[in-house]
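Numbering (the working numbering), first residue to last: 245 to 423.
Think of the CB as a built atom: it goes at the ideal place given N, C-alpha and C, for glycine as much as any other residue.
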Amino acid sequence: QQVNLADQPEATSWSDSDGDGVSNLEEFQAGTDPLDSGFTTGFLRWDLWYDVPGVYVRNFTKSAHFTSIPSQSRLLSSTTTPMLTAGNAASRLSGYLVPESTGTYQFALSADDSAEFWLSTDDQSENRKLLAFCDTWRRPERYRAIDAQLSEPIDLQAGKVYFLEVLHKDQKSPGHIEL
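Written out as structure tokens, the structure is:
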């Protein structure tokens, strides 16, 4: 289905006409319909903030940056972020997980410097629970340096929508997230 944004006066590139948390421009760039309020499948939103001091996620979540508009946002088709080249950066990787099959899942997290992986019991962010974290930098693909990097096994249902979020803080570049 083709949508002509010129016919939609409220559909500017920075607005979010369908209220799904992804701007019209980002949806257009990802090849999805900016007027469809359904979930954008196959992508996670990566929000970045610059000039956020500290090394720990709590330095980010307790700062004014956490509730402010990100310095940059983009859609990723992977749970691995590109390497950050700016120091004193913070980021949030968020979206929805819809398992293809019912089963028991386990998640592993690697990040530089610190990160937290949260998963909701449904599609609502307020029902999220901390499942894994890194409290100091880890090399890419190093998932077993500490037990906290691995989630406990969790049962998920096929077709059910779960909100997921990774909060990340990097003091010195390069930084990364891998889930």
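Best match in the options for proximity to residue i [C-alpha to C-alpha]
i, options, result
"Ser-345", "Gln-401, Val-299 and Ser-315", "Gln-401"
"Tyr-406", "Asp-367, Leu-375 and Ile-398", "Asp-367"
"Val-299", "Ala-359, Ser-338, Ser-317 and Ser-312", "Ala-359"
"Val-342", "Glu-422, Ser-364, His-309 and Thr-305", "Ser-364"
"Gly-331", "Leu-292, Leu-423 and Leu-374", "Leu-292"
"Ala-355", "Leu-337, Leu-288, Ile-313 and Pro-297", "Leu-337"
Spatial distance of residue i from residue j (CA atoms)
i, j, result
"Ala-333", "Leu-319", "18 Å"
"Gly-403", "Gly-286", "14 Å"
"Glu-409", "Ser-335", "10 Å"
"Phe-361", "Ala-376", "5 Å"
"Gln-415", "Asp-357", "7 Å"
"Phe-304", "Ser-315", "14 Å"
"Asp-379", "Asp-295", "20 Å"
"Thr-311", "Asp-399", "31 Å"
"Leu-394", "Leu-411", "16 Å"
"Gln-350", "Lys-413", "23 Å"
"Arg-372", "Gly-339", "12 Å"
"Ala-422", "Ile-313", "Position check: residue 422 holds Glu in this sequence, whereas Ala was assumed. When rounded, the distance between both Cα atoms is 23 Å."
"Leu-288", "Ala-308", "23 Å"
"Leu-374", "Leu-353", "12 Å"
"Glu-370", "Ser-317", "22 Å"
"Lys-306", "Ser-321", "29 Å"
"Leu-325", "Pro-297", "Checking the sequence, you will find Thr at residue 325 rather than Leu. If you take the alpha carbons of Thr-325 and Pro-297, they lie about 20 Å apart."
Cβ-Cβ separation, residue j to residue i (assumed contact under 8 Å), whole Å
i, j, result
"Thr-323", "Pro-397", "Contact flag wrong, Cβ pair sits at about 18 Å."
DSSP beta-bridge partners of residue i
i, result
"Glu-409", "Ser-338 and Trp-362"
"Glu-422", "Thr-324 and Ser-354"
"Lys-373", "Leu-363"
Only counting runs of 4 or more residues, tell me where the alpha helix (DSSP H) segments fall wholly within the region 289 to 332, in order along the chain.
301 to 305
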